[in-house]
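Taking it in order: structure first as structure tokens, then the write-up.
There are 2 protein chains.
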Amino acid sequence: MNKIQLLVAILFLSFSAQAQRNPVVVSPEVHPNHSVTFRFSAKNAKQVSLEAQFLKDKLPMQKDASGVWSVTVDPVKPDIYPYCFWVDDTQVTDPNNTVVFANERFKYSLVDIPGDTPLIHSLQNVPHGKISYRYYNSKTLGTTRPLVIYTPPGFNVNGKTKYPVLYLIHGGSDTEETWTKVGKANLIADNLIAQGKAKPMIIVMPYGNVRPKSMPEFTPDVMNDVIPFVEANYPVLTDSPNRAIAGFSVGGGQTLNIGLTNTDKFAYVCAYAPYPETEEFRKNFSNYAPDAEKMNKQLKLFTLSVGTEDFLFESVKKNIAMFKEKGLKPVSYIVDGGHTWMNCKQYLATTLPQLFK
Amino acid sequence: MNKIQLLVAILFLSFSAQAQRNPVVVSPEVHPNHSVTFRFSAKNAKQVSLEAQFLKDKLPMQKDASGVWSVTVDPVKPDIYPYCFWVDDTQVTDPNNTVVFANERFKYSLVDIPGDTPLIHSLQNVPHGKISYRYYNSKTLGTTRPLVIYTPPGFNVNGKTKYPVLYLIHGGSDTEETWTKVGKANLIADNLIAQGKAKPMIIVMPYGNVRPKSMPEFTPDVMNDVIPFVEANYPVLTDSPNRAIAGFSVGGGQTLNIGLTNTDKFAYVCAYAPYPETEEFRKNFSNYAPDAEKMNKQLKLFTLSVGTEDFLFESVKKNIAMFKEKGLKPVSYIVDGGHTWMNCKQYLATTLPQLFK
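Order-wise, the sequence lines are chains A and B. According to the numbering used here, the first sequence holds residues 1 to 357 in order. According to the numbering used here, the second sequence holds residues 1001 to 1357 in order.
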């Protein structure tokens, strides 16, 4: 920004209706060595601290003479992390950061610490697919619902290609935007496709929250409304080896509920840190008696992923053992880390190359 | 939510890593008579108040025994309004409301107060267009940039239709998402097309902030990068009577800068509360000497819109007079209200039916 622009910006801000705006500070400021400075303007606060998913504990921030609180953290492993500020007892997102975690229950900002070489979720100079925001009518739920759909680079250019489809479900209080806004599913797919590691595919990201209806209603919504909408409106392959389902947390539980009761329709079922404490999960898997021989023929890939620090680590291990005991062949993908979207991106990046092959 | 679901939700929340989450409260709660209750949980705050664009002044909230602050406001004229809470001296969005204003400079939540009959921006049971998130390479700016594109219902179904295009620019600190997330441009277009009032069209919403480059670089970015990208990737009509440009605030200024210097390319130029305090605007219009006769033949529609309480009201009136004095024929659209996205939606809804006819 040159001086004239700065002056114009200041004039504009002072003209503006939001008379109470705080001064502009740069936050977060990511340094070349992967350390990060966070800043927050709060003249009258007694204490301000930083909460971030790369920190074990909240970090106190220091106030300067102008009322701007700041802290610089040691170099952080490159990734995208949720963070927020605690101002006295109040949790706030970073007002100077545009990027907010798409969620119905909490508000975090996101800080993107780029790698020295590009990470798999980074925006790279490769052909880009497209994310579309659609509406569909759900007969199951009696309402118009949102749907986010990724189509790969070069989609439908010749009007002849038909694509396999991954149905990808978000976590418990997330929204249909979380897989792209936080999980960068589109960029992960763009990069893996550009590297020749993943097949061009359509990724459908439905909205998993069906309130005020009850959670098990999501299964018929996917089967009877979402899939028919996609298959009527996109050039897709409709046989089971070209249909996959995956999801995180509550969406991982929904993935198991939907996928394992429909193995004639999904040859790929990938549960990321699946959350089991739901009515539907207990109904499906408490006294589970699958036709394992048949299912093992139908399933080309069945994975359960989890981090060793995930609060669901023991639960996922127990379920892996249970599925094995019932004769199924789950592949377990166990990594470091917790119940986070940093891990979730890894799970997706590991899954995509294994689909539709 | 039934009791089992509630119990599961509570269990899940208590398991979760975000141990410091406040209790779930319903906020905002819009009542049938258009009054609204806002709630915020803050046990230790000394005072909490509501700021909202339907209020002249902040409204104090009252704390109950559980530490939840609330206030119920009198019936409000149905519309979508930005609001926030002030917790002691700290401005926060509503943690229980998913919908956040897409902006780089401030953080507001949005409350949607539906009309007794559907408003023009509401989600109705009509055919819906699609919003696509794209990337394009800007040679002008030397970077990959985001672009949001609306395609109308039934787009490209027969593979033969070519569409007119409206280029629609956001306000000063907004993002490429603000026209859809806050301005509901897609739903306004869906509804007007369903009513037969607007022609099916493509609406291209570029990202107007070109920092660290200087603001006038946006003009060549639109002309040499955005438009060629759209015309290479979408079935569009490329003659001037099928190309329009419109924008709000800083984007209204950019609209005048781009549109009036390229009347051979845009037959429709619609400025919504245009902000004139920029270098480029002064360069173009301080000693303005247009070939009015030629331009009046080229321009099928040239409008300036503003609200009587807009901080730019006098400025827009002055510019309308200036353009008239220079022999151009601006249509002025002057309504109640301020420099807000409530007004901005009105301006768009008034413009769309007049385009490409």
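A virtual CB, placed ideally from N, CA and C, is assigned to each residue, including glycine.
Going straight from the alpha carbon of Val-1157 of chain B to that of Ala-1289 of chain B, what length do you get?
46 Å
Go ahead and label Ala-198 of chain A buried or exposed: buried means 16 or more other beta carbons lie within 10 angstroms of its beta carbon, across all protein chains shown.
Counting C-beta atoms within 10 angstroms of its own C-beta, Ala-198 of chain A has 16 or more neighbours from the protein chains shown and is therefore classed as buried.
Need the endpoints of the alpha helix (DSSP H) that Asp-1112 of chain B sits in, please.
Segment 1109-1113 is the beta strand (DSSP E) holding Asp-1112 of chain B; no alpha helix (DSSP H) there.
Establish whether the CB of Glu-1104 of chain B and some CB of chain A are separated by less than 9 Å.
Yes, Glu-1104 of chain B counts as interfacial toward chain A.
Assuming Phe-375 of chain A is part of the beta strand (DSSP E), what are its boundary residues?
Residue 375 of chain A falls outside the range modelled here, since chain A spans only 1 to 357, and no answer is possible.
Helix, strand or coil for Glu-29 of chain A, going by three-state DSSP, please let me know.
strand
Can you give the Cα-Cα distance for Phe-1012 of chain B and Gly-172 of chain A, rounded to whole angstroms?
Model confidence at Phe-1012 of chain B stands at a pLDDT of 44, short of 50, so the residue's coordinates are unreliable and nothing is read from them.
Considering only their Cβ atoms, is the gap separating Val-210 of chain A from Pro-164 of chain A smaller than 9 Å?
Taking 9 Å as the Cβ cut-off, Pro-164 of chain A and Val-210 of chain A do not qualify as a contacting pair.
With DSSP as the reference, label Ala-1289 of chain B as helix, strand or coil.
coil
DSSP beta-bridge partners for Lys-63 of chain A?
DSSP lists A:Trp-69 as partners of Lys-63 of chain A.
Note down the Cα distance separating Leu-1110 of chain B from Lys-1056 of chain B, rounded to an integer number of angstroms.
17 Å
Quick one: which chain B residues come within Cβ less than 7 Å of Lys-107 of chain A?
Thr-1093 and Pro-1095
Please confirm if His-1121 of chain B has its CB atom under 9 Å from at least one CB of chain A.
no
Quick one, which of A:Asn-97, A:Glu-176 and A:Leu-192 has its alpha-carbon nearest Pro-118 of chain A's?
When each option's Cα is compared against that of Pro-118 of chain A, the closest is A:Leu-192.
Identify which residue in B:Phe-1101, B:Thr-1263 and B:Val-1250 has its Cα closest to the Cα of Glu-1277 of chain B.
For the options B:Phe-1101, B:Thr-1263 and B:Val-1250, the alpha carbon positioned closest to that of Glu-1277 of chain B is the one of B:Val-1250.
Which of the residues in the segment 1128-1139 of chain B, read from start to end, lie with their CB under 7 Å from any CB of chain A?
His-1128, Lys-1130, Ile-1131, Ser-1132, Tyr-1133, Arg-1134 and Tyr-1135
Excluding the 5 residues preceding and the 5 following Pro-114 of chain A in the sequence, name in chain order all residues of the same chain whose CB lies nearer than 8 Å to its CB.
Once the five neighbours on either side are set aside, the close Cβ partners of Pro-114 of chain A are Val-30, Pro-78 and Ser-122.
From the DSSP secondary-structure annotation, give me the bridge partner or partners of Asn-1103 of chain B.
B:Asp-1174
Can you tell which of B:Ala-1042, B:Ala-1246 and B:Asn-1284 has its C-alpha closest to the C-alpha of Ala-1267 of chain B?
B:Ala-1246
Alpha carbon to alpha carbon, how far is Phe-1285 of chain B from Glu-51 of chain A? Give it in angstroms, no decimals.
49 Å
Measure the CB-CB distance between Ser-1305 of chain B and Tyr-1272 of chain B and report whether it falls below 9 Å.
A distance below 9 Å separates the beta carbons of Ser-1305 of chain B and Tyr-1272 of chain B.
Would a C-beta distance cut-off of 9 Å place Val-1126 of chain B and Asp-1174 of chain B closer than the cut-off?
no
Between Lys-1357 of chain B and the rest of its own chain, which residues show a CB-CB distance below 6 Å, the 5 nearest in sequence each way excluded?
none
Starting from the C-beta of Asn-137 of chain A, find all residues in its chain whose C-beta is less than 6 Å away, skip the five residues before and the five after it, and write them out in chain order.
Thr-144
Using a threshold of 9 Å, state whether the C-beta atoms of Gly-327 of chain A and Glu-293 of chain A are closer than that.
yes
So, helix, strand or coil for Arg-211 of chain A, using DSSP?
coil
Is there a Cβ from chain A that is less than 9 Å from the Cβ of Asn-1186 of chain B?
yes
Work out the CA separation of Pro-1032 of chain B and Pro-1075 of chain B for me, nearest whole Å.
Taken atom to atom, the span from the alpha-carbon of Pro-1075 of chain B to that of Pro-1032 of chain B is near 9 Å.
By the 10 Å Cβ neighbour count, where 16 or more other Cβ atoms means buried, how is Asp-1116 of chain B classified, buried or exposed?
Exposed, since its Cβ has fewer than 16 Cβ neighbours within 10 Å.
Should Ser-49 of chain A go down as buried or exposed, given a rule of 16 or more other Cβ atoms within 10 Å for buried?
buried
Determine the contact status of Pro-1095 of chain B and Phe-106 of chain A, defining contact as a CB-CB distance below 9 Å.
Yes, these two residues count as a Cβ contact at 9 Å.
List, in order along the chain, the chain A residues whose C-beta lies closer than 9 Å to that of Asn-1125 of chain B?
Asn-137 and Thr-144
To the nearest angstrom, report how far apart Gln-1346 of chain B and Thr-1151 of chain B are at their CA atoms.
21 Å
Please tell me whether Gly-1159 of chain B has its Cβ less than 9 Å away from any Cβ of chain A.
Interface criterion met: the Cβ of Gly-1159 of chain B is under 9 Å from a Cβ in chain A.
Whole angstroms are fine: how far does the CA of Thr-1238 of chain B sit from the CA of Glu-176 of chain A?
35 Å
Within 9 Å of any Cβ in chain B, is that where the Cβ of Ala-189 of chain A sits?
no
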